[in-house]
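**Student:** Position one of the sequence shown corresponds to residue 480 (our numbering), numbered consecutively onward.
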Amino acid sequence: MTRSNHDEGLRNPLLSIEELPARLWLAGMQSIWAGALYWYGLFNYRKEFFEFLLAETQSFERAEVKRWSEEPLGANVADYARLLGFNVMLASVAWQSSLQKALGYHFREFQRFAFSLLNTLEGAEGETVDQFMAEEAEALKRVAIEFPDAIRDIEAEYGFHFETEGYLKIAETERMNLYQVLPTESGVEVQPELKPVLTAHPYVLGPNILAFLPGERKSYVHAFANQGIPTYIRVIKDIDSNPAVQVMRGEDDVLDTRQFLHVIREKHNKPVTLNGVCQGGFILVAGLLTGEFEDTVDAIITVASPIDGTRSKTLEHYLKGIIPRFRDLAYATKILPSGNEVVDGKIMSWVYKLMSIDKEEPLYTYYQDLDRFEEDVRHGVREVCKTAAAINHWLIYDRIDQPIEITNLSKLSYRNPISPDGDLPIKLFGRTLNLKYVTEKGIKWLICYGENDRLVEPPAALAPRDFIDTEITAFPKGHAAVLTHWSHPDSEYALQKKFENGQRGPVRFQLDLSEG
480 MTRSNHDEGL RNPLLSIEEL PARLWLAGMQ SIWAGALYWY GLFNYRKEFF
530 EFLLAETQSF ERAEVKRWSE EPLGANVADY ARLLGFNVML ASVAWQSSLQ
580 KALGYHFREF QRFAFSLLNT LEGAEGETVD QFMAEEAEAL KRVAIEFPDA
630 IRDIEAEYGF HFETEGYLKI AETERMNLYQ VLPTESGVEV QPELKPVLTA
680 HPYVLGPNIL AFLPGERKSY VHAFANQGIP TYIRVIKDID SNPAVQVMRG
730 EDDVLDTRQF LHVIREKHNK PVTLNGVCQG GFILVAGLLT GEFEDTVDAI
780 ITVASPIDGT RSKTLEHYLK GIIPRFRDLA YATKILPSGN EVVDGKIMSW
830 VYKLMSIDKE EPLYTYYQDL DRFEEDVRHG VREVCKTAAA INHWLIYDRI
880 DQPIEITNLS KLSYRNPISP DGDLPIKLFG RTLNLKYVTE KGIKWLICYG
930 ENDRLVEPPA ALAPRDFIDT EITAFPKGHA AVLTHWSHPD SEYALQKKFE
980 NGQRGPVRFQ LDLSEG
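1. So the alpha helix (DSSP H) Leu763 belongs to, where does it begin and stop?
2. Report, in whole angstroms, the separation of the C-beta atoms of Val751 and Pro681, which I expect to be a contact under 8 Å.
3. Buried or exposed: where does Ile814 fall if 16 or more other Cβ atoms within 10 Å of its Cβ makes it buried?
4. Is it buried or exposed for Lys580, if we count other Cβ within 10 angstroms and need 16 for buried?
5. Is the beta carbon of Asp999 less than 7 Å from the beta carbon of Arg696?
6. With DSSP run on the structure shown, which of helix, strand or coil describes Tyr972?
7. Taking the continuous beta strand (DSSP E) assigned at Met1079, which residues delimit it?
8. Have a look at Leu992 and Trp924 and give me their C-alpha separation to the nearest angstrom.
9. What separation, rounded to the nearest whole angstrom, lies between the Cα atoms of Ile897 and Glu625?
10. Could you tell me the distance, in whole angstroms, from the CA atom of Asp558 to the CA atom of Asn566?
11. In the DSSP assignment, find the unbroken beta strand (DSSP E) run with Ile814 in it and report its ends.
12. DSSP puts Asp902 in a beta bridge; with which residues?
13. What residues are listed by DSSP as bridge partners for Phe954?
14. Please state the DSSP three-state secondary structure of Leu684.
15. Buried or exposed for Asn705, please, with buried defined as at least 16 other CB atoms from any protein chain shown within 10 angstroms of its CB.
16. Using a Cβ-Cβ cut-off of 8 Å (strictly less than) and excluding sequence neighbours within five positions of Tyr584, which residues of its own chain qualify?
17. Is it right to say Thr781 is buried, meaning 16 or more other beta carbons lie within 10 angstroms of its own, or is it exposed?
18. Using a Cβ-Cβ cut-off of 7 Å (strictly less than) and excluding sequence neighbours within five positions of Gln725, which residues of its own chain qualify?
19. Can you tell me which of Ala690, Cys757, Glu606 and Tyr972 puts its alpha carbon nearest to the alpha carbon of Arg857?
20. Sort Ser548, Leu684 and Asn871 by Cα distance to Gly755 and report the nearest one.
21. Is the beta carbon of Gly901 sitting closer than 7 Å to the one on Phe946?
22. Could you tell me whether the region 648 to 658 touches the region 731 to 746, using the rule of 3 or more Cβ pairs below 8 Å?
23. Classify Asp777 as helix, strand or coil using the three-state DSSP reduction.
24. Check whether the Cβ atoms of Asn980 and Lys956 sit closer than 7 Å, and answer yes or no.
25. Mind checking whether Phe761 and Pro785 have CB atoms under 7 Å apart?
26. Assign Gln758 to one of two classes, buried (16 or more other C-beta atoms within 10 Å of its C-beta) or exposed (fewer than that).
27. To the nearest angstrom, how far is it from the Cα of Gly729 to the Cα of Leu888?
28. According to the Cβ coordinates, are Gly984 and His958 closer than 7 Å?
29. When the Cα of Phe641 is compared with those of Asp948, Val622, Asn687 and Ala618, which residue comes out closest?
30. With distances taken Cα to Cα, identify the nearest neighbour of Gly666 among Asp735, Gly707, Leu505 and Asp774.
31. In the DSSP assignment, find the beta strand (DSSP E) that holds Ile715 and state where it starts and stops.
32. Pull up the distance between the alpha-carbon of Leu532 and that of Pro899, whole angstroms please.
33. Restricting to Cα atoms, I'd like to know which of Thr793, Arg933 and Lys920 is closest to Glu771.
34. Is the CB-CB distance between Arg654 and Asp735 below 7 Å?
35. Specify, as a first and last residue, the run of the alpha helix (DSSP H) that Ile885 falls within.
36. Please classify Leu677: does DSSP put it in a helix, a strand, or coil?
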């Protein structure tokens with residue numbers, strides 16, 4: 480049996496008869512503590528999931544109060560029967576994956592327990608039962624207590640803190656603020672002669688993921704700033720306290736962005752590179768195609784952006800399971816004190832969880848985390864990983880409500896494909912938005928995507944290449960890897976590097992544009 484490295488010095492291969500009762504007593508006490516931690520942790524993991532369920536139930540009830548009376552009884556019964564079948568299917572998938580994960584864990588741990596008990600009773604070499612139970616209790620303590628604490632505590636290091644000296648507020652509108660992101664690396668200063676970049680965060684995920692852990696050198700926007708690039712980010716104001724955000728349309732987004740672009744262009748006397756992440760990339764592309772950014776923009780970077788959402792087969796498969804009646808945004812909205820209706824951020828994140836229910840069900844994630852922390856304990860790792868804490872902080876706390884009209888733009892892009900002529904399935908200012916505008920204006924476009932992205936699958940990000948010539952860069956791992964893992968300057972696919980296959984990270988792309 481493999482020994483736990485950090486307990487190596489405590490083990491005695493030959494136990495005396497006097498030690499046996501003490502070790503069994505210690506094991507018993509640890510098992511009681513481990514049992515309490517197990518149920519406490521499991522309750523908290525499931526609690527979060529049921530909070531999502533409660534929010535969705537409230538929105539569903541509000542929408543159905545009106546719709547039930549508008550539909551014939553037979554249609555209502557048929558729709559509810561199909562909805563029940565869809566829910567049963569999701570529950571079945573979740574239960575099968577969670578049960579498999581749980582059984583695998585408990586079978587493995589029972590084997591360890593049996594061997595450790597035999598070692599203790601026989602005085603044999605190897606892990607003793609009290610040591611086994613101590614490791615179990617420690618792993619459960621990390622999952623149930625220390626990990627949630629670390630997730631809350633990471634807030635001071637995670638994301639943007641615009642009140643600090645690392646940021647300069649440059650301009651604002653009713654709906655957005657424009658900040659300049661300053662370098663954090665020692666000895667690096669902004670080089671005004673370099674080409675500036677303006678970054679847009681996704682509405683649905685919020686801005687903080689773009690400044691993941693600056694102190695750990697893991698930040699997408701700081702990867703640009705730390706190369707001396709004049710780096711700017713437009714940040715949507717708090718939707719709860721700003722009625723103008725609550726009712727904003729795609730046209731408002733374009734006009735505010737145009738205003739910021741003119742400010743940056745005038746400051747640096749150079750055209751700007753647009754830099755959109757996820758939904759932010761789709762919104763910037765749409766704005767660019769209106770022609771409103773002419774003379775201010777000559778390049779664009781999109782990162783994991785769903786330019787044609789219909790090509791995300793996972794979401795398409797999920798949506799096909801929902802009958803049209805229940806695809807309405809009315810089932811995902813809430814009313815703010817101002818009286819304005821917005822899309823509930825909790826419900827939107829719930830949708831993403833349901834898409835990957837086999838990996839997102841609370842029981843599955845509980846055992847997944849337990850596996851990871853048990854491995855840490857056995858290898859003497861004593862601190863919770865900051866990256867894991869920050870990712871979970873993002874997933875738990877950055878659930879931002881969205882304006883209905885902005886959400887409708889994304890919804891249309893997932894419902895209708897780009898036309899054979901290259902027209903996006905949306906219009907702004909009543910104008911057709913055609914991808915060939917990019918080529919006509921000589922705008923350079925770098926598309927970055929995650930090879931294993933399950934949220935924005937590669938075909939959805941690469942769709943423009945069916946109509947125009949763009950540069951592409953593939954990054955290993957999933958949706959947020961560019962923002963978290965590869966944003967570190969020493970990582971294998973660091974953003975400022977040119978890779979062996981000739982592809983370039985977005986920072987390298989931007990630097991090369993400055994060099995001409």
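Just so it is clear, CB atoms sit at the ideal spot from N, CA and C, and this is done for glycine as well.
**Tutor:** Checking against the coordinates, here is how it stands:
1. In the sequence shown, the residue the question calls residue 763 occupies position 284. Unbroken alpha helix (DSSP H) run through Leu763: Gln758 to Leu768.
2. Start at 1 with the first residue of the sequence shown, and residue 751 comes out as number 272. Start at 1 with the first residue of the sequence shown, and residue 681 comes out as number 202. That belief does not hold up - the Cβ atoms of Val751 and Pro681 are roughly 19 Å apart, past 8 Å.
3. For the purposes of this step, residue 814 is taken as residue 335 along the sequence shown, with counting starting at 1. It is exposed - the Cβ of Ile814 has fewer than 16 other Cβ atoms within 10 Å.
4. Here residue 580 is taken as the residue at index 101 of the sequence shown, counted from 1. Around the CB of Lys580, 16 or more other CB atoms lie within 10 Å, so the residue is classed as buried.
5. The question about residue 999 has no answer here: the residues shown for the chain are numbered 480 through 995.
6. In the sequence shown, residue 972 corresponds to position 493, counting from 1. Look at Tyr972 here: in three-state DSSP terms it is coil, with no helix or strand label.
7. One cannot answer for residue 1079 here, as it falls past the ends of the chain, which runs 480 to 995.
8. As a working mapping, residue 992 is identified with position 513 in the sequence shown. As a working mapping, residue 924 is identified with position 445 in the sequence shown. C-alpha separation (whole angstroms): 11 Å.
9. As a working note, residue 897 is residue 418 in the sequence shown. As a working note, residue 625 is residue 146 in the sequence shown. Each residue's Cα considered, the two are about 47 Å apart.
10. In the sequence shown, the residue the question calls residue 558 occupies position 79. In the sequence shown, the residue the question calls residue 566 occupies position 87. When rounded, the separation of the alpha-carbon atoms in Asp558 and Asn566 is 12 Å.
11. Taking the sequence shown and counting its residues from 1, the one referred to as residue 814 is at position 335. Counting along the chain, the beta strand (DSSP E) containing Ile814 begins and ends at Thr812 to Ile814.
12. Against the sequence shown, residue 902 aligns to sequence position 423. As DSSP reads the structure, Asp902 sits in a beta bridge with Asn913.
13. Your numbering for residue 954 matches position 475 in the sequence shown. Phe954 is bridged to Gly929.
14. To locate residue 684, count along the sequence shown from 1; it is residue 205. The answer is coil: DSSP assigns Leu684 none of H, G, I, E or B.
15. Looking up residue 705 in the sequence shown gives position 226. Buried.
16. As a first step, residue 584 must be located in the sequence shown, where it is residue number 105. So the list reads Tyr846, Leu849 and Asp850, once near-sequence residues are dropped.
17. For the purposes of this step, residue 781 is identified with residue 302 of the sequence shown, where counting begins at 1. By the neighbour-count rule (16 or more Cβ atoms within 10 Å), Thr781 is buried.
18. Taking the first residue of the sequence shown as position 1, residue 725 is located at position 246. Taken in chain order, the residues that qualify are Ile718, Leu815, Ser817, Asn819, Val821 and Pro882.
19. Locating residue 857 in the sequence shown gives position 378, where the first residue counts as 1. Of the candidates Ala690, Cys757, Glu606 and Tyr972, the one whose C-alpha sits nearest the C-alpha of Arg857 is Glu606.
20. For the purposes of this step, residue 755 is taken as the residue at position 276 of the sequence shown. Measuring from the Cα of Gly755, the nearest candidate turns out to be Leu684.
21. Position 422 of the sequence shown, counted from the first residue, corresponds to residue 901. Position 467 of the sequence shown, counted from the first residue, corresponds to residue 946. One thing to note: Gly901 has its Cβ within 7 Å of the Cβ of Phe946.
22. Yes: the two stretches touch, three or more of their Cβ pairs being nearer than 8 Å.
23. Counting from one through the sequence shown, the residue named residue 777 turns up at place 298. Asp777: strand per DSSP, three-state reduction.
24. Position 501 of the sequence shown holds residue 980. Position 477 of the sequence shown holds residue 956. For the 7 Å CB-CB criterion, Asn980 and Lys956 do not form a contact.
25. Sequence index remark: in the sequence shown, residue 761 carries index 282 (1-based). Sequence index remark: in the sequence shown, residue 785 carries index 306 (1-based). Yes, Cβ-Cβ distance for Phe761 and Pro785 is below 7 Å.
26. In the sequence shown, the residue the question calls residue 758 occupies position 279. When all chains shown are included, Gln758 counts as buried.
27. By one-based count along the sequence shown, residue 729 stands at place 250. By one-based count along the sequence shown, residue 888 stands at place 409. C-alpha separation (whole angstroms): 8 Å.
28. As a working mapping, residue 984 is identified with position 505 in the sequence shown. As a working mapping, residue 958 is identified with position 479 in the sequence shown. At a Cβ-Cβ threshold of 7 Å, Gly984 and His958 do not count as neighbours.
29. Taking the sequence shown and counting its residues from 1, one reaches residue 641 at position 162. Ranking the options by Cα distance to Phe641, first place goes to Asn687.
30. The residue labelled residue 666 in the question sits at position 187 within the sequence shown. Nearest neighbour of Gly666 by Cα position, chosen from Asp735, Gly707, Leu505 and Asp774, turns out to be Gly707.
31. Reading the sequence shown from its first residue, position 236 is the one you call residue 715. For Ile715, the enclosing beta strand (DSSP E) has its first and last residue at Thr710 to Ile715.
32. Mapped onto the sequence shown, residue 532 falls at position 53. Mapped onto the sequence shown, residue 899 falls at position 420. CA-CA distance, Leu532 to Pro899, rounds to 40 Å.
33. Locating residue 771 in the sequence shown gives position 292, counting from the first residue. In this structure, Lys920 is the residue among Thr793, Arg933 and Lys920 with its C-alpha nearest to the C-alpha of Glu771.
34. The residue given as residue 654 occupies position 175 in the sequence shown. The residue given as residue 735 occupies position 256 in the sequence shown. The answer is yes: Cβ separation under 7 Å.
35. Position 406 of the sequence shown holds residue 885. Here the alpha helix (DSSP H) through Ile885 covers Ile883 to Arg894.
36. In the sequence shown, the residue the question calls residue 677 occupies position 198. Three-state result, Leu677: strand.
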